[in-house]
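Residue numbers (my numbering): 40 to 382.
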């Protein structure tokens, strides 16, 4: 309905009335979808969206002129925010802090959409317990030349490993070319622990399928394989959230799906125009996981096994301080050219 006084459309969310400004603005050129269409999409997936990211800090990437326009990350919620907006102090990898939006309910999501946010980059911890990461995110990142069927095959290997150690993970498309496999955890481990588990998973998958999967941090060593990006689990890292909409002309959605769909799932048809019907027909495919948090210990045992075998930690991103047992942060091709005392 039009807002009183014109200039926008009023929508109801979480017991609040929000005014969506410029609802007719086209946000996705290829489809012609508007800002209001994006609002309607998020209203249609409210239940599974909040089950996936509710209560978590989110990083806002704003596209004031839609998906085809320029964007910027807004790390700090503006001072002019509504009084009811829930925020929390978060740290970044370089040690700074900022006041981030909390995905407390649908009204918070729609407030951000009205600010030009298409999707959300989500912290692995909840706002009321920032010291414990309660999600493991296995990021299957296809390198150049990797096809989506190869990514599917890598996801099958993740599932097989998790089945062996008694862990339930659930997949989602990234909204682009990859797949994420998430594990909801009991809130008992730090991000350092979760990253250690992710490193162990990456290495074990590479041992099993070196033709398909790599744990190599340096791009020059990855080849035409699927990289398991373990550093997406490093402290204070965010990952593009489930049910979030990518800044692509087709308005693709990072869509959770069931393992039974893996053989046939394709990322491009999963858009704000098709995903609501999936949710209406099949509900939330992640419900069995989000309702049953699990222990990280089986994967930490893999990590301890690697340490006992003499393996070092894997390299960290450059924004982090040097870590204990970490190898030199020098690409192998460069290391061969430098004397040891210069590294």
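Backbone N, C-alpha and C define an ideal beta-carbon position, used for all residues, glycine too.
These numbers were taken from a predicted model, which means no experiment stands behind them.
Comparing alpha-carbon positions, the option among 106, 192, 92 and 211 lying closest to residue 173 turns out to be 92. In the structure shown, the three-state DSSP call for residue 102 is coil. Within the segment 306-349, the alpha helix (DSSP H) runs of at least 4 residues that lie entirely inside it are, in chain order, 314-321, 326-329 and 336-347. Here the C-alpha atom of residue 351 lies approximately 15 Å from the C-alpha atom of residue 231. Here the alpha carbons of residue 48 and residue 267 stand approximately 43 Å from one another.
Taking a contact as a CB-CB distance under 8 Å, the pair residue 215 and residue 285 counts as one, their CB atoms being some 6 Å apart. With a threshold of 16 other beta carbon atoms within 10 Å, residue 279 meets it and is buried. Comparing alpha-carbon positions, the option among 73, 126 and 238 lying closest to residue 340 turns out to be 238.
For residue 86, there is no enclosing beta strand (DSSP E); the residue is part of the alpha helix (DSSP H) that begins and ends at 85-92.
Rounded to the nearest angstrom, the gap between the Cα atoms of residue 250 and residue 213 is 23 Å. When beta bridges are read from the DSSP output, residue 210 appears opposite 220. Between residue 57 and residue 146, the C-beta spacing is below 8 Å. Cβ-Cβ distances below 6 Å link residue 320 to nothing in the same chain once the five nearest sequence neighbours on each side are left out. For the segment 109-167, the full-length alpha helix (DSSP H) segments reaching 4 residues or more read 145-153 along the chain.
Bridge partners of residue 96 according to DSSP: 141. Out of 187, 274 and 124, the CA that lies nearest to the CA of residue 302 is found in 187. By the C-beta density criterion, residue 103 is exposed, having fewer than 16 other C-beta atoms within 10 angstroms. When Cβ pairs closer than 8 Å are counted between the two stretches, the segment 164-171 is seen not to touch the segment 199-212, the count staying below three.
Excluding sequence positions up to five before and after residue 60, its CB lies within less than 7 Å of the CB of 46, 47 and 153, all in the same chain and listed in chain order.
The alpha-carbon separation between residue 55 and residue 322 amounts to approximately 25 Å.
In the DSSP annotation of this structure, the continuous segment of the alpha helix (DSSP H) that includes residue 246 starts and ends at 230-247. If you draw a straight line from the Cα of residue 181 to the Cα of residue 354, it is about 19 Å long. For residue 374, the uninterrupted alpha helix (DSSP H) segment begins and ends at 371-374.
Assigned with DSSP and collapsed to three states, residue 66 falls in strand. Following the DSSP letters along the chain, one finds residue 296 in no alpha helix (DSSP H), marked with neither H nor E. Shown here, residue 271 sits in a helix according to DSSP, grouped into three states. Per DSSP, reduced to three states, the secondary structure at residue 353 is coil, with no helix or strand assignment.
Beta-bridge pairing by DSSP links residue 181 to 265. About 40 Å separates the beta carbons of residue 324 and residue 371, which is beyond the 8 Å limit, so they are not a contact pair. Judged by their CB atoms, residue 111 and residue 120 are not nearer to each other than the 8 Å cut-off. With 16 or more other CB atoms across the displayed protein chains lying within 10 angstroms of its CB, residue 272 is buried. A Cβ-Cβ distance of about 5 Å is found for the pair residue 175 and residue 233, placing them in contact under the 8 Å criterion.
Counting the other Cβ atoms within 10 Å of the Cβ of residue 349 gives fewer than 16, which makes it exposed. Taking a C-beta distance under 8 Å as the contact criterion, residue 97 and residue 159 qualify as a contact pair. At a Cβ-Cβ threshold of 8 Å, residue 90 and residue 326 count as neighbours. In the DSSP assignment, residue 286 falls outside any alpha helix (DSSP H), carrying neither H nor E.
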